[in-house]
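Letter by letter, the sequence shown follows residues -17 to -1, 1 to 435 in mature numbering (1 follows the signal peptide of the UniProt record, and there is no 0).
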Amino acid sequence: MRIALLALALLATPALGSPQSTTLQGAPLAADRATETARATIAAEQERHVRLLERMVNQNSGTLNAAGVRAVGEMMRAELEPLGFQVRWVDMTATGRSGHLIATHKGNGRGKRVLLIGHLDTVFEPSSPFQRFTRAGSRAVGPGVGDDKGGLVVIVAALRAMRTAGTLKGADVTVVLTGDEERTGQPLELARRDLIEAGRNADAALEYENLAVEQGRDYGTVARRSGGNWELRTTGKTGHSSQVFGAGLGYGAVYEMARILDAFRRELPEQYATYNVGVLAGGTPARLDAAGETATATGKTNIVPSEAVARGDLRTLTPEQDARIRAKMEAIVKQHLPGTGATLTFANTMPAMAPSEGNRALLAELNAVNRELGLPEMPELDPAKRGAADSGFVAADVATLGGLGMSGGGAHAEGEWADLDSIQRQALRSAVLIARLSKQRRGPTQRAGAGR
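Right, dumping it as structure tokens:
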């Protein structure tokens, strides 16, 4: 069987179109038999994995489509249970979301416990016109094809290869696939309870969002910035505009809003911090809907506005940077113009995956795998080039490496695409990396900050 698989691999490997993946055919002789069996299995099953990707993409799983998210979860259940995983669905109706899929593979209890993280949902709800999978050669286009259904396929391909190679048997692996990564349910403590717990009981975490590729070179993700929201409301005295700026009327809510936002622009800049204003309105009155996405206002040119509202996001690289930026924002808000007031509130969505020695050690392990496979080493990606992800919820507790899914582009927009050839090199990297980690002696149960 192994001879046949190796023969298939030699036939299949030249189809890998990526400049990085062409070296898979001539990997170093140092690669062991298990690695070569994994390589052959992944190559032989390429079209199987493409068909799985097509089925998942054609099943709408917009975050608010609870039934669709559950359906993709059941597709993953059907893949994982035959590999020896105990699979359960964690209902998240209480958070306004569908739920999460958690799968556990019990190994020998000696090697490192590995957590694999992905998500079942996409940003494309059933109302989106972008709904179907299409393929042109090695490029697949479809909603969530890379973010994150391509990552789910890489997980399946890697674990199937490990099973065939015999390296899955002794491995302690937990897979957590959230159903609301794109629009996290609330309260956050409940929505991410199970993922955080899984991180605290792992020795290494691997996250399967898109692989970062720049100028034909693959990059490793050891850090991601946070994702949080802020809401600013300003108030002022209303009256005839002929009296604006006067001692009795003051400046009005809109001038106070303008002062604050311009001060943010001038005084907050520092590396890796961004603060966007997403929606803004001012008038008498000004309102923001419950979702924080639609603002309405009425007013006249000769009336000083009584209210203004703005909502935006804040992204930072570390908890320390986040605290520092928030303190600066709050200090700016307190410096009111005459006759005005302002309040600023924050809402956390995703914590940062701060760079750490543990994360860099995991990338070093992956680069050892790259050398074994004859692939170029992967440098660290600039964290300013990545958004927030669920890996941020575990990175404070366990060494974490991100961006292990398929390569592609156009995420969150019609025309999102993925490179089908990247399935093979990404799945092989993961299969060998997980096998390596599973042979290393595990540490004590993780504590907060262990990943730092």
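Even glycine gets a Cβ: it sits at the ideal position worked out from N, Cα and C.
Since the structure is predicted, the reported quantities are computational estimates derived from the model, not experimental observations.
- Closest in C-alpha terms to Ala185, from the list Leu35, Glu250, Val158 and Ala335, comes Val158.
- Remark: C-beta atoms of Gly203 and Glu363 approach each other more closely than 7 Å.
- For Gln69, there is no enclosing alpha helix (DSSP H); the residue is part of the beta strand (DSSP E) that begins and ends at Gln69 to Asp74.
- Per DSSP, Asp305 is one residue of the alpha helix (DSSP H) stretching across Pro302 to Val316.
- Taken in chain order, the complete alpha helix (DSSP H) segments of 4 or more residues contained in the region 148 to 230 are 171 to 174 and 176 to 183.
- Ranked by Cα distance from Thr284, the first of Val237, Glu276 and Leu320 is Val237.
- Looking at the DSSP output, Met336 sits in a beta bridge with Arg207.
- Counting the other CB atoms within 10 Å of its CB gives Pro65 a total below 16, which places it among the exposed residues.
- For the pair Phe329 and Ile179, the CB atoms are not nearer than the 7 Å cut-off.
- With respect to the 7 Å criterion, Ala140 and Ala401 are not classified as neighbours on the basis of their beta carbons.
- DSSP places Leu403 outside any beta strand (DSSP E), giving it a letter other than H or E.
- Apart from the 5 residues on each side of it in sequence, Asn331 sits with its Cβ closer than 7 Å to the Cβ of Leu171 and Gly211 in its chain, given in chain order.
- Of all C-beta pairs linking the region 113 to 121 to the region 381 to 390, fewer than three are shorter than 8 Å, placing the two stretches out of contact.
- Looking at Thr87, Val40 and Gly51, the one whose alpha-carbon comes closest to that of Leu63 is Thr87.
- Sequence-distant Cβ neighbours of Phe113 in its own chain, meaning closer than 7 Å and more than five residues away, are Phe107, Pro126 and Glu397.
- Taking the C-beta atoms as reference points, Asp163 is found nearer than 7 Å to Thr46.
- Here Arg93 carries a coil assignment [DSSP, helix/strand/coil].
- By the criterion of at least three beta-carbon pairs nearer than 8 Å, the region 350 to 362 is in contact with the region 413 to 424.
- CA-CA distance, Glu348 to Arg53, rounds to 34 Å.
- The Cβ atoms of Met312 and Ser374 do not sit closer than 7 Å to each other.
- Here the alpha carbon of Gly56 sits roughly 12 Å from the alpha carbon of Val40.
- For Val260, the enclosing beta strand (DSSP E) covers residues Thr257 to Gly266.
- 7 Å or more divides the Cβ of Leu98 from the Cβ of Leu160.
- In the assembly as shown, Gln198 is an exposed residue. Its beta-carbon has fewer than 16 other beta-carbons within 10 Å.
- In this structure, Gly129 lies near Asn193, with their beta-carbon atoms less than 7 Å apart.
- Judged by their CB atoms, Thr24 and Thr147 are nearer to each other than the 7 Å cut-off.
- Listed in chain order, the alpha helix (DSSP H) elements of length 4 or more contained wholly in the region 28 to 54 are 29 to 41.
- Short of 7 Å from the beta carbon of Met59, and not among the five residues preceding or following it, lie these beta carbons of its own chain, in chain order: Leu84, Leu135 and Leu160.
- Rounded to whole angstroms, the separation of the alpha carbons of Met240 and Gly231 is 19 Å.
- Per the coordinates, the alpha-carbon of Arg307 lies some 12 Å from the alpha-carbon of Arg298.
- In the DSSP assignment, Val237 falls within the unbroken alpha helix (DSSP H) covering Gly235 to Glu250.
- Take Gly90, set aside five residues on each side of it, and the residues of its chain with a beta-carbon closer than 6 Å to its own are Gly153, Ala154 and Asp155, in chain order.
- If you compare the alpha carbons of Ile286, Thr267, Thr167 and Val287 with that of Ala280, the shortest gap goes to Thr267.
- For His83, the enclosing beta strand (DSSP E) covers residues Gly82 to His88.
- Taken through DSSP and simplified to helix, strand or coil, Val106 comes out as coil.
- With respect to the 7 Å criterion, Leu189 and Leu346 are not classified as neighbours on the basis of their beta carbons.
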